[in-house]
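Colleague:
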Ligand SMILES: Cc1cc2nc3c(=O)[nH]c(=O)nc-3n(C[C@H](O)[C@H](O)[C@H](O)COP(=O)(O)OP(=O)(O)OC[C@H]3O[C@@H](n4cnc5c(N)ncnc54)[C@H](O)[C@@H]3O)c2cc1C
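Residue numbers (the working numbering): 7 to 408.
Below is the structure:
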C-alpha cells in the first residue's frame, strides 16, 4: 500500500464493526424496553431511548466515516431496527424513519457542499430527521405533491399541509417532498432539508391511534424557508426508486419483524412456564406457536434476501431501476407487513387469555396494536393497485433456484 493510501486510510476512520454496532444497539434496546409501556400508555416520545441513541452515536451510524459517521451498511441498520423493534416499536419506527431520510441524503446529496456539511452536523450533533411525504387528504400517495417551492429574493419558501409527521415536534430537521415550482406537475418533485430554525409547525391533527403511539405522528401546517442549496439536485423520482423505497421497506420490515419476535418470545416463555406447571402438558393454543415460528423464519429469509439483493445493486442504477427489482422491493413491504401481523396474531393465540390480557408477562396487546399499523402505513391495497399493471410485464419464473 502506498504511503498516500496508508495516510488516507489512517485519516479516514474505519466503519464501526458489526459487533460494536450490535453492542450499542443492545444497550439502547435495554433502555427502550424499560420505558416501552409508558411510551405506549402516555403516547409520548421515547426520550430516554433517543438520549441513549445519541450517546451511542447511532443517529449517524449510516453516515460515511469521511463525514464523521459510522459508515454502516443498510443490512447493519436493518439489524438495529430489529433489535429496537423487539424492545419498543415506537423507538424502532422513529429510528427507521430517521435512517431512511439519512440514506436519501447520503446517497443523493453527500456530493453537494450544503448537504455534506449538514451530514457532518448530523454526526457531530446527532441530529434527528423527520420525514414529510403525506400531504393534505392524499395519504400515502408519496409520488404526488401539492405544495410547491416558491423562490423569493433568492430564498426558497414552502407551505405544506403535513397531515401526518412522526416526531415532527421533537425533530431537529424535516426532510420533505414538494413540487419543483409553481408550474411543475404533481409528480415533478424535489426533496428538501429544512432545519428547525428554518420552519414553524402549527399543530392541525392529533395522533390518537391504536398503536405506534410514541411516534407522535401528529399533523402540522409546515411553513419553511431556506437557501436554494437545501434542495437536493437529483429529482425525487430517482431518489424514491433507488433509495427511499428500498430502505423504507427494508428498515420498516426490520422493525415489524422485531415486534413479531418480541411477541414470539413472550409466547415461548408463556408456553415453557405453562408446560412446566402442567408436568410437560402444553396449553391448547400451543400449535399457534409453531405457526409464529414458521412465519418469523419466513420474515427472516425474506428480509435477508431483499437486503442482500439491494446491497448488491447499490452501484448499478440501471438494475435498481429495473422492473424486476422494483417489483420485488415494493412487494417486500406488503409481504413483511402481512407476515408480521400473522406472527403476532399466532403468538397471541398461543398464549390464549393470558395473551389477550393487557397486563401480565404474556400480554400481547401492545405488540398487536403496534404491528397492525404495518399493512396501512402506506396501505398495502394502494401498493398492490399501483403494481397491478406493471406486474403484468414481469415474467413468471422459469426456474426456482436460478
Ligand atoms: C405509524 C405511522 C407513522 C407515519 N409517519 C409518517 C411520517 O412521519 N411522515 C409522513 O409523511 N407520513 C407518515 N405516515 C403516513 C403514511 O405515510 C400514509 O400517508 C398513511 O399511512 C396513509 O396511507 P394510505 O393513504 O396509503 O392509506 P389509507 O390510510 O388507507 O388512506 C386511504 C385514503 O384515505 C384518504 N386519507 C388518508 N389519510 C387521510 C387523512 N389524514 N385525512 C383524510 N383522508 C385521508 C386518502 O385519500 C387515502 O388515499 C405514517 C403512518 C403511520 C401508520
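Even glycine gets a Cβ: it sits at the ideal position worked out from N, Cα and C.
Would the beta-carbon of residue 109 fall within 8 Å of that of residue 174?
Modeller: No, these two residues do not count as a Cβ contact at 8 Å.
Colleague: Quick one: what does DSSP say residue 173 is sitting in, helix, strand or coil?
Modeller: Looking at residue 173 - three-state DSSP - the assignment turns out to be coil, as it is neither helix nor strand.
Colleague: Could you check whether the Cβ of residue 144 sits closer than 7 Å to any heavy atom belonging to ligand 1?
Modeller: It does: the Cβ of residue 144 is within 7 Å (strictly closer) of some heavy atom of ligand 1.
Colleague: Report yes if the C-beta of residue 136 is less than 7 Å from at least one heavy atom of ligand 1; otherwise report no.
Modeller: For ligand 1, at least one heavy atom lies less than 7 Å from the Cβ of residue 136.
Colleague: If you follow the beta strand (DSSP E) that residue 229 is part of, which residue opens it and which one closes it?
Modeller: Segment 225–232, the beta strand (DSSP E) holding residue 229.
Colleague: Helix, strand or coil: how does DSSP classify residue 261 here?
Modeller: In the structure shown, residue 261 sits in a helix (DSSP, three-state: H, G or I).
Colleague: Below 7 Å, is the gap between the Cβ of residue 385 and the nearest heavy atom of ligand 2?
Modeller: No copy of ligand 2 occurs in the structure displayed; its ligands are ligand 1 alone.
Colleague: Decide if residue 206 is buried, meaning its Cβ has at least 16 other Cβ atoms within 10 Å, or exposed.
Modeller: With fewer than 16 other Cβ atoms within 10 Å, it is exposed.
Colleague: Where does residue 274 fall in DSSP's three states?
Modeller: Helix at residue 274.
Colleague: At 4 residues or longer, what runs of the alpha helix (DSSP H) sit wholly inside the stretch 88–175?
Modeller: DSSP runs (the alpha helix (DSSP H)) wholly in the stretch 88–175: 95–115, 119–131.
Colleague: Measuring straight from C-alpha to C-alpha, what distance separates residue 163 and residue 201?
Modeller: Cα-Cα distance, rounded: 13 Å.
Colleague: Return yes when the C-beta of residue 180 is under 7 Å from any heavy atom of ligand 1, and no when it is not.
Modeller: No.
Colleague: Would you mind working out which of 279, 295, 254 sits nearest residue 100, comparing C-alpha positions?
Modeller: The shortest Cα separation from residue 100 among 279, 295, 254 belongs to 254.
Colleague: Residue 297 by DSSP, collapsed to three states: which one?
Modeller: It is helical.
Colleague: Using 10 angstroms around the beta-carbon of residue 40, count the other beta-carbons present and answer buried if the total reaches 16, otherwise exposed.
Modeller: Exposed is the call here.
Colleague: Identify which residue in 27, 267, 167, 215 has its Cα closest to the Cα of residue 227.
Modeller: When each option's Cα is compared against that of residue 227, the closest is 167.
Colleague: For residue 272 and residue 89, I'd like the C-alpha separation in whole angstroms.
Modeller: Cα-Cα distance, rounded: 15 Å.
Colleague: Consider the C-beta atom of residue 417 and the heavy atoms of ligand 1; say whether any pair is separated by less than 7 Å.
Modeller: Lying outside 7 to 408, the shown extent of the chain, residue 417 is not represented and no answer is given.
Colleague: Nearer than 7 Å: is that true of the beta carbon of residue 139 relative to any heavy atom of ligand 1?
Modeller: Yes, since a heavy atom of ligand 1 falls inside the 7 Å radius drawn around the Cβ of residue 139.
Colleague: Given this structure, state the Cα-to-Cα distance separating residue 298 from residue 304, to the nearest angstrom.
Modeller: So the alpha carbons of these two residues sit roughly 10 Å apart.
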